[in-house]
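With our numbering applied, the sequence shown covers 443 to 687. Glycine included, C-beta positions come from ideal geometry on N, C-alpha and C. Everything on this sheet refers to the single structure shown next.
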Amino acid sequence: MSQQINFDALFSGVIGQDYEMLKLICPLMTEMSRLVGETVRDYPAPLDQLSVVELGGGTGITTLALLTAREGLHIVSIDNEATMQNQAKQNLKAWHDEGRVTFNSQDALSALQAMPSASVDVIASAYTLHNFLDSYRQEVIHECYRALKPGGQFINGDRYAFDDISQHTRVIQEEVAEYFKVLTGINRLDLLEYWIVHLFSDESENHVMRQSAALQHIQDAGFTDISLTHRMEVNALVTALKPVS
């Protein structure tokens, strides 16, 4: 599809090695960033200015997907990892100079707590929430609900574990095998070690986002119209709305 080719060309040019390496190791993650951007593009807002908060901006891959999704969009990109956010500031300098993106270096919960209630149109994220401890993540989701305007949308492309543990284990085994295949093939044992160690954290019981429990937490926060789509192995896109009344 031409849209995908253009997307890859744009991202390769702006994000460079970060995007190319992620696409090589975890191609579904770059696809999920694209889907988060598309979902924001389709947000039914008559406003010329759409306020978006991004949780966990990293080096700017999903931020760029959001920025290129539609005109009249301003993003507050939150990330307390200084090294990654400094890369994002370099990668997205042109958009920052235009006033379309600003950076917040607080942790997600603190940043959200500082925001006025009902002040944001969209809160979007990709591959951030699964890194949080479950108790912290639930607090973040409740703060997302508070900060969103009535009718506002929560969008998260992330790792949503299968409820069937045996099925989930098989998928993770296949994922690990692919890490070994790709990273030994390019002699990047340093990255292989990083991804395996990180995966152990992702899969720990106090981090893993089991699908049914994760969606229940979103519902418990008050969200409606909760939907999980685009399931690709452990990856999925979740959207939810803050009701108007």
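Using only CA atoms, which one of the options lies nearest to residue i?
{"i": "Asn648", "options": "Lys591, Ser577, Val680", "result": "Ser577"}
{"i": "Met674", "options": "Ala487, Ser567, Glu616, Arg542", "result": "Glu616"}
{"i": "Lys524", "options": "Leu509, Leu508, Gly498", "result": "Note that residue 524 is Ala in the sequence shown here, rather than Lys. If we check each option's Cα against that of Ala524, Gly498 comes out closest."}
{"i": "Phe622", "options": "Gln609, His610, Trp637", "result": "Trp637"}
{"i": "Leu641", "options": "Ala655, Ile614, Asp600", "result": "Ile614"}
{"i": "Asn677", "options": "Tyr602, Gln527, Leu509", "result": "Tyr602"}
{"i": "Arg476", "options": "Glu496, Leu508, Val495, Gly500", "result": "Leu508"}
{"i": "Met651", "options": "Gly500, Ser547, Ile583, Ala619", "result": "Ile583"}
{"i": "Gly643", "options": "Thr570, Ala682, Glu585, Leu590", "result": "The sequence shown places Ser at residue 643, not Gly. Checking every option, the nearest Cα to that of Ser643 belongs to Thr570."}
Once DSSP output is grouped into helix, strand and coil, what is the label at residue i?
{"i": "Thr681", "result": "strand"}
{"i": "Thr570", "result": "coil"}
{"i": "Asn546", "result": "strand"}
{"i": "Met674", "result": "strand"}
{"i": "Gln491", "result": "coil"}
{"i": "Leu515", "result": "strand"}
{"i": "Phe665", "result": "coil"}
{"i": "Ala556", "result": "coil"}
{"i": "Glu616", "result": "helix"}
{"i": "Asp484", "result": "coil"}
{"i": "Phe439", "result": "Lying before the first or after the last residue shown, residue 439 is absent from the chain, which here runs from 443 to 687."}
{"i": "Gly498", "result": "coil"}
{"i": "Leu534", "result": "coil"}
What's the gap between the Cα of residue i and the Cα of residue j?
{"i": "Ala663", "j": "Ile565", "result": "14 Å"}
{"i": "Asp521", "j": "Asp606", "result": "32 Å"}
{"i": "Ile628", "j": "Asn533", "result": "25 Å"}
{"i": "Ala732", "j": "Ala536", "result": "Outside the displayed range of the chain (443 to 687) lies residue 732, so it cannot be described from this structure."}
{"i": "Ile660", "j": "Arg612", "result": "27 Å"}
{"i": "Asp563", "j": "Leu554", "result": "13 Å"}
{"i": "Pro685", "j": "Phe665", "result": "7 Å"}
{"i": "Pro486", "j": "Glu581", "result": "27 Å"}
{"i": "Thr481", "j": "Gln653", "result": "20 Å"}
{"i": "Glu635", "j": "Ala560", "result": "42 Å"}
{"i": "Phe574", "j": "Gln609", "result": "23 Å"}
{"i": "Gly455", "j": "Gly502", "result": "Low per-residue confidence applies at Gly455: pLDDT is 47, beneath 50, and the placement is therefore not dependable, though the value from the model is reported in the following sentence. If I take the Cα positions, the gap works out to 13 Å."}
{"i": "Gly514", "j": "Asp632", "result": "41 Å"}
{"i": "Val594", "j": "Thr626", "result": "In the sequence as presented, Val is not what sits at residue 594; that position holds Gly. Their Cα atoms are separated by approximately 44 Å."}
Please state whether the Cβ-Cβ distance between residue i and residue j is less than 9 Å.
{"i": "Leu679", "j": "Asn598", "result": "yes"}
{"i": "Thr504", "j": "Val543", "result": "no"}
{"i": "Phe545", "j": "Ser567", "result": "no"}
{"i": "Ser687", "j": "Pro592", "result": "yes"}
{"i": "His516", "j": "Gly541", "result": "yes"}
{"i": "Leu466", "j": "Val624", "result": "yes"}
{"i": "Phe596", "j": "Leu657", "result": "no"}
{"i": "Ala589", "j": "Val495", "result": "yes"}
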